[in-house]
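Have a look at the structure below, then the notes.
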Amino acid sequence: MAKKKFSKAWVQRHIQDPYVKMAQQKGYRARAAFKLTEILETERLLRHGDVVVDLGSTPGSWSQVVRERLLGAGGVIDGRVLALDMLPMEPVAGVEFILGDFRDDAVLRQLHDLLQDQDVDLVISDMAPNLSGVASADSARIAHVCELAMDFACGHLKPEGALIVKAFHGSGFSQIVQTFKQHFVRVVERKPKASRDESAETYLVARGLKSPRGRPAGSSGLPAEAATIRVE
């Protein structure tokens with residue numbers, strides 16, 4: 101019974117959430133769109149002509165935001181948006197989508213074929229792990245997902261490129277930040293207004309590679325976690 105009451109309360113809060121309403125009005129697939137929008141504006145990231153990779157893109161709200169901000173004259177995208185996810189994503193006009201796990205060699209080959217030796221200006225990741233409720237295990241999963249995105253970024257970004265990744269406060273957060281600082285010139289934390297106050301969710305924005313191509317994918321040394329979800 102308690103679980104049912106909690107579920108009803110969550111649904112009611114979701115319905116009344118102003119960001120949910122605004123997302124519906126603007127045609128965004130999730131309220132998470134406003135988190136990325138605020139970060140991009142605060143950090144002055146994303147310019148016409150940029151190449152962007154969206155990791156764990158489904159349902160597509162972050163890809164929608166990037167596409168919208170890259171639109172040039174005549175409604176044509178000035179730049180590129182490449183999205184990857186293990187789950188299907190409804191098409192977003194102008195966004196190039198790859199279905200699969202970006203850690204897989206076959207999926208990376210598809211991405212590289214599309215990029216055709218283009219370096220990436222911005223990598224974005226709103227991925228989060230499936231959490232168990234066991235603090236030690238969850239900390240390792242969170243760190244692993246963050247480092248997967250960082251590994252990918254280190255292998256694909258331009259030297260002056262940037263990475264936006266979801267993280268969570270708690271055990272292990274400071275270590276994640278320190279790891280990012282080993283590989284990027286500037287690392288800052290951002291908590292967008294659309295991120296609920298009670299949530300431990302936060303975002304790290306890392307800019308400027310210290311050692312481009314210096315960290316191979318999958319080098320975190322943490323156990324692989326195949327299942328990831330997007331927390332909206």
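Mind the numbering: the sequence shown is residues 101 to 332 in the working numbering, read in order.
Just so it is clear, CB atoms sit at the ideal spot from N, CA and C, and this is done for glycine as well.
Keep in mind that this is a model prediction, so the values were computed, not measured.
- A residue is called buried when at least 16 other Cβ atoms come within 10 angstroms of its Cβ; residue 293 does not meet this threshold and is exposed.
- Counting only the Cα atoms, residue 108 lies some 43 Å from residue 210.
- Judged by DSSP secondary structure, residue 276 falls within the alpha helix (DSSP H) whose first and last residues are 273–283.
- If the five residues before and after residue 196 are omitted, its C-beta is found closer than 8 Å to the C-beta atoms of 180, 181, 182, 183 and 214, all from its own chain and listed in chain order.
- Residue pairing by DSSP places residue 185 opposite 199 in a beta bridge.
- Taking all protein chains shown into account, residue 229 has 16 or more neighbouring C-beta atoms within 10 Å of its C-beta and is therefore buried.
- One Cα belongs to residue 201, the other to residue 117, and the distance between them is close to 32 Å.
- Comparing alpha carbon positions, the residue from 165, 217 and 238 closest to residue 300 is 238.
- When C-alpha distances from residue 285 are compared across 265, 295 and 261, the shortest belongs to 261.
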